[in-house]
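In this note's numbering, the protein residues as written are 4 to 247.
C-beta: ideal position from N, C-alpha, C; glycine also.
Following: one structure in structure tokens, then a few remarks.
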Ligand SMILES: [Zn+2]
């Protein structure tokens with residue numbers, strides 16, 4: 004097939020091949036960079052997890068404190084009621100009438116009931132406190148695990164990123180070398196398209212479909228393309244078309 008091409012067509016074909024080489028290198032560079040970004044995002048989400056676990060721990064500690072405060076308060080009230088009860092019991096000996104006696108007894112009874120209820124509540128709160136202590140330990144472990152994951156991620160990522168950066172530098176050197184064999188006007192068009200089209204300037208034709216935009220091209224374009232008279236562009240996405 005190449006033998007049938009005139010020198011101009013032969014040259015253009017060579018230029019397109021070079022542009023495709025540049026495109027492949029650019030895509031690989033993009034891919035490496037997006038990998039770095041993904042790894043950085045992973046570290047970020049691990050850091051978010053630490054913040055989240057610490058927040059849980061803080062909330063838990065606050066709830067525990069509130070519970071403890073409420074229990075102390077209830078215990079104080081119990082003590083107060085018991086003092087009032089014994090004071091009232093002392094007064095029983097001094098009352099002169101049955102009515103007064105019964106009223107005192109009723110008051111004592113009511114305060115005793117109050118004490119019973121408070122003591123039940125205190126017991127419940129103590130049980131909750133135990134549960135809270137247990138889950139606090141679990142959350143503390145989760146915080147530690149999350150912090151450990153961040154440290155491990157960061158160390159691994161520093162290593163991986165430096166490997167990828169070396170790789171990108173190599174690819175860029177290959178790109179520079181390949182760009183030497185591309186005529187200035189083609190290189191200029193390539194770069195402008197690449198930067199305008201999300202990194203993809205070259206679009207392969209497969210079964211009359213532009214692989215850049217996935218739309219059909221003129222059936223004639225594929226035939227024209229193989230004659231290598233001039234660069235052809237996709238009518239839809241404006242990318243430089245090529246066939247393998
Ligand atoms: Zn297209």
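Just to confirm my understanding: we take residue i, look at its own chain, exclude 5 residues before and 5 after, and list those with CB closer than 6 angstroms. What are they?
i: residue 12; result: 231
i: residue 81; result: 118 and 121
i: residue 153; result: 49, 50 and 53
i: residue 218; result: 239
Buried or exposed: which applies to residue i, given that a residue is buried once 16 or more other Cβ atoms fall within 10 Å of its Cβ?
i: residue 140; result: exposed
i: residue 109; result: exposed
i: residue 29; result: buried
i: residue 96; result: exposed
i: residue 201; result: exposed
i: residue 34; result: exposed
i: residue 93; result: exposed
i: residue 220; result: buried
Can you look up residue i in the DSSP assignment and give me helix, strand or coil?
i: residue 125; result: helix
i: residue 86; result: helix
i: residue 249; result: The chain is shown from 4 up to 247; residue 249 falls before or after that span and cannot be answered.
i: residue 174; result: helix
i: residue 219; result: strand
i: residue 96; result: coil
i: residue 236; result: strand
i: residue 231; result: coil
i: residue 167; result: helix
To which residues of the same chain is residue i closer than 8 angstroms at the C-beta, ignoring the five residues directly before and after it?
i: residue 66; result: 135
i: residue 222; result: 211
i: residue 32; result: 171, 174, 175 and 178
Keeping to the same chain, check which residues put their C-beta closer than 7 angstroms to that of residue i; ignore five residues upstream and five downstream.
i: residue 205; result: 22, 23, 26, 242, 243 and 245
i: residue 235; result: 224, 227, 228 and 244
i: residue 91; result: 107, 110 and 111
i: residue 70; result: 128, 131, 132 and 135
With distance defined between alpha-carbon atoms, name the residue in the options nearest to residue i.
i: residue 160; options: 37, 34 and 45; result: 45
i: residue 196; options: 89, 227 and 237; result: 237
i: residue 77; options: 191, 239 and 128; result: 128
i: residue 38; options: 218, 168 and 200; result: 168
i: residue 72; options: 125, 98 and 115; result: 125
i: residue 182; options: 17, 8 and 10; result: 17
i: residue 58; options: 143, 247, 220 and 156; result: 143
i: residue 116; options: 85, 145, 102 and 103; result: 85
Kindly say whether residue i, judged by its beta-carbon, lies nearer than 8 angstroms to any beta-carbon of chain D.
i: residue 122; result: Absence of chain D from the displayed structure is noted, only one protein chain being present.
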